[in-house]
Each structure stands twice: as structure tokens, then as C-alpha cells.
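Student:
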Amino acid sequence: MATRSAHINVMIRSADKAARALRRDYGEVANLQVSRKGPADFVSAADLKAEQILREELSRARPDYALLMEESGASANRATAERCWIVDPLDGTTNFLHGLPHFAISIALEERGELIAGVVFDPIKNEMYYAEKGQGAYLNNRRIRVSSRDRLEDALIATGIPFMGHGDRPAFMAELDAVSGKVAGVRRWGTASLDLAYVAAGRYDGYWERDLSSWDIAAGIVLVREAGGQVSEIGGKNIRHQSASILATNETLHTPLNRLLPKLAPKSV
Ligand code: LIP
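Position 191 (the sequence shown) corresponds to 192 in this note's numbering; numbering is contiguous.
#1: Can you tell me the Cβ-Cβ gap for residue 106 and residue 219, rounded? I've got them flagged as a contact below 8 Å.
#2: Just list the residues that DSSP pairs residue 92 with in beta bridges.
#3: Return the chain-ordered list of same chain residues with a C-beta closer than 7 Å to the C-beta of residue 33, the five sequence neighbours on each side being excluded.
#4: Following the continuous beta strand (DSSP E) through residue 192, name the residue where it begins and the one where it ends.
#5: Is residue 52 helix, strand or coil when you go by DSSP?
#6: How many Å lie between residue 15 and residue 54 at the Cα?
#7: Tell me whether residue 213 sits in a helix, a strand or coil according to DSSP, three-state version.
#8: Name the DSSP beta bridge partners of residue 232, please?
#9: Return the chain-ordered list of same chain residues with a C-beta closer than 6 Å to the C-beta of residue 71, the five sequence neighbours on each side being excluded.
#10: Given this structure, state the Cα-to-Cα distance separating residue 41 from residue 164, to the nearest angstrom.
#11: Helix, strand or coil for residue 240 per DSSP?
#12: With a 10 Å radius around its C-beta and 16 neighbouring C-beta atoms as the bar for buried, classify residue 29 as buried or exposed.
#13: What are the partner residues of residue 160, as DSSP defines its beta bridges?
#14: Using a Cβ-Cβ cutoff of less than 8 Å, which residues in the same chain neighbour residue 125 once the five nearest sequence positions on both sides are dropped?
#15: In whole angstroms, what separates the C-alpha of residue 122 from that of residue 247?
#16: Would you kindly work out how many angstroms separate the C-alpha atoms of residue 252 and residue 232, rounded to a whole number?
#17: Measure the Cβ-Cβ separation of residue 271 and residue 261 and say whether it is below 8 Å.
#18: Taking 7 Å as the cut-off, does the CB of residue 92 come closer than this to any heavy atom belonging to ligand 1?
#19: Consult DSSP for residue 218 and reduce its assignment to one of helix, strand or coil.
#20: I think residue 258 touches residue 221, with their Cβ atoms under 8 Å apart; what is that distance to the nearest whole Å?
#21: Is the beta carbon of residue 199 sitting closer than 8 Å to the one on residue 159?
#22: From the DSSP output, which residues share a beta bridge with residue 27?
#23: Using 8 Å as the cut-off, can you tell me whether the region 145 to 152 makes contact with the region 238 to 245, which would need three or more C-beta pairs spanning the two stretches below that distance?
#24: For the putative contact between residue 223 and residue 249, defined by C-beta atoms under 8 Å, what is the C-beta separation to the nearest angstrom?
#25: How many whole angstroms separate the CB atoms of residue 156 and residue 236, which I take to be in contact at a CB cut-off of 8 Å?
#26: Need the endpoints of the alpha helix (DSSP H) that residue 63 sits in, please.
#27: Could you compute how far the alpha carbon of residue 120 sits from the alpha carbon of residue 205?
So this is what it looks like as C-alpha cells:
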């Protein structure tokens with residue numbers, strides 16, 4: 002079993018506490034008071050409650066760290082603090098609201114612009130993924146590694162599909178067309194942080210998606226790197242959690258997958 006650092010312990014404790022609230026709310030999802038955030042993009046009372054718990058827990062443990070959270074945005078000290086928690090209290094909100102048991106809490110720690118730790122917790126399957134720079138990646142205290150499949154035809158690849166008001170559908174269809182005929186399967190489960198955790202655990206061999214936010218991918222980037230995988234933007238540029246696209250794979254499939262994905266002209270704004 003891994004020796005967990007103080008940072009990882011804080012992150013796991015906070016995720017555990019927020020998960021208790023999410024599990025309770027998931028059990029009565031039909032009664033949740035929800036408000037619309039945008040087309041097909043709901044924010045639930047459970048989401049806000051989980052974010053509040055995470056804010057309290059993380060701030061109590063490390064009062065001088067900044068916070069960047071999906072629902073409330075950046076704290077006032079974001080520009081000046083050396084470290085920042087990057088948090089999605091409920092990744093996979095649409096799954097949650099539809100009663101699909103596939104969602105997660107995602108917490109990353111950024112230090113002077115570098116991602117140094119990540120925790121992704123699936124409270125329904127009770128799967129706690131965590132990783133810290135230089136210390137490897139773990140699932141429920143057992144070391145995880147990316148898969149060793151090195152042929153596209155054997156590979157199971159995850160992605161995200163643009164939905165109403167989000168993303169570029171024609172571009173996505175071109176990508177899906179390029180990839181799906183060359184691999185063993187493509188999956189879309191709707192929780193980016195878990196897609197990345199599954200690459201880290203060797204369940205998926207690769208994952209690509211566009212138009213995500215920092216809180217969706219920050220923790221998962223650390224997991225994949227520490228599990229021995231490769232992460233970049235689509236096209237190969239170095240990834241940052243602010244990047245608009247992500248391609249994460251095991252050690253060998255990064256270049257072949259990157260070559261398959263069509264080179265898209267940058268979108269005009
Ligand atoms: C969602 C992701 C999902 C992605 C959506 C969205 P949310 O996060 O995890 O996989 O395709 O664009 O960002 O909104 O549930 O936290």
C-alpha cells in the first residue's frame with residue numbers, strides 16, 4: 002500500500018465527505034431541486050452542496066491555498082496564492098440527474114502553475130483514484146498502470162460527444178469517423194475525470210475530447226501521467242489544465258491516435 006502524503010490525505014478526506022452527501026442525494030434524485038445552467042447542462046442542488054463541503058474541508062485544511070471550482074469559479078487569491086485546488090464537485094452531472102451510476106468528484110492540486118496531485122472518487126463504485134507527482138497512481142491503495150496494448154485494432158478508446166450548445170459536432174463526427182473504423186471500440190460514458198482515471202487504470206487504452214474545462218481534466222492528467230501514460234492536447238502540444246482539448250493514452254498509442262485524429266483548423270472566434 003502506498004504511503005499517502007498530507008496533501009493526498011486532505012484531498013481523500015474531503016472527497017469522502019462530499020461523497021456522503023452526493024450518495025444521499027443520488028438516492029432521491031427524483032426529488033432534487035434543480036435549476037438550469039444552460040441547454041442540456043443542469044446544475045443540481047447536490048452539486049452545489051458537494052462544492053460547499055469541498056470548499057469548507059479544503060480551506061480548513063489549507064487556508065492559504067486558492068480554489069478554482071466549477072460552480073463558484075476562482076477565489077480572490079487565485080492570482081497570488083502559490084497553490085490552488087481545482088475542483089469539480091460533481092463531474093458527470095447529466096448522468097447523476099438521469100440516475101446513471103457513473104459520476105465523480107475530482108480534485109487536483111496545482112503548485113506554481115504545475116499539476117502535482119490528483120484525486121478522482123467514484124462514490125457509487127467506491128473507487129478512489131489518487132496520484133502525486135513522482136509517486137505513482139493508485140486505485141483504492143493499489144498501484145495502477147496504463148494498459149500495454151500497442152495495436153489500435155485491440156484498443157478500447159473513450160471520447161466525449163458535443164451536446165446542445167457545446168462543441169463542434171461536424172468536427173467531432175470527422176474524428177469519430179477517423180477513429181472508430183480503426184479500433185476495437187469507442188465509448189462515451191459522460192464523465193471526463195473517470196475517462197482519464199480509466200486510462201490510468203488500463204481499462205481504456207486512450208481517450209480524446211474537446212471543449213472541456215480545467216476542473217474536468219486537472220486531476221485526471223496527474224493520474225494518467227503517474228500511471229505511465231501520455232497526455233497532450235490533440236495535435237501533440239503540451240497539455241495544461243486550461244487546454245481546450247485532451248488526448249490521453251497508454252505509453253504506445255499516443256502517436257498513432259494523434260495521427261488518426263483529423264488536423265482541425267483553429268476555430269475563428
Ligand atoms: C462533463 C464531463 C463530460 C463532458 C461534458 C461535461 P460536468 O462535466 O465530464 O464527460 O463530455 O462536456 O464537461 O458538467 O458534468 O461537470
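The beta-carbon is built from N, C-alpha and C at its ideal position, and this holds for glycine as well.
These figures come from a predicted structure and were not determined experimentally.
Tutor: The short version:
#1: The Cβ separation is near 13 Å, so there is no contact.
#2: 105
#3: Model confidence at residue 33 stands at a pLDDT of 47, short of 50, so the residue's coordinates are unreliable and nothing is read from them.
#4: First-last for residue 192: undefined, no H or E at that position.
#5: helix
#6: 8 Å
#7: coil
#8: 249
#9: 89 and 216
#10: Because the pLDDT at residue 41 is just 30, under 50, the model does not fix this residue reliably, and the value given afterwards should be weighed accordingly. If I take the Cα positions, the gap works out to 7 Å.
#11: coil
#12: exposed
#13: 209
#14: 24, 27, 102, 103 and 104
#15: 20 Å
#16: 10 Å
#17: Missing from the structure shown is residue 271; the chain here goes from 2 to 270 and no further.
#18: yes
#19: helix
#20: Their Cβ separation, rounded to whole angstroms, is 17 Å, which puts residue 258 and residue 221 out of contact at 8 Å.
#21: yes
#22: For residue 27, which the question treats as bridged, DSSP gives no partner whatsoever.
#23: no
#24: That belief does not hold up - the Cβ atoms of residue 223 and residue 249 are roughly 11 Å apart, past 8 Å.
#25: Contact doesn't hold; Cβ gap of about 19 Å is too wide.
#26: Taken as a continuous stretch (DSSP letters only), residue 63 belongs to no alpha helix (DSSP H), as it is neither H nor E.
#27: 18 Å
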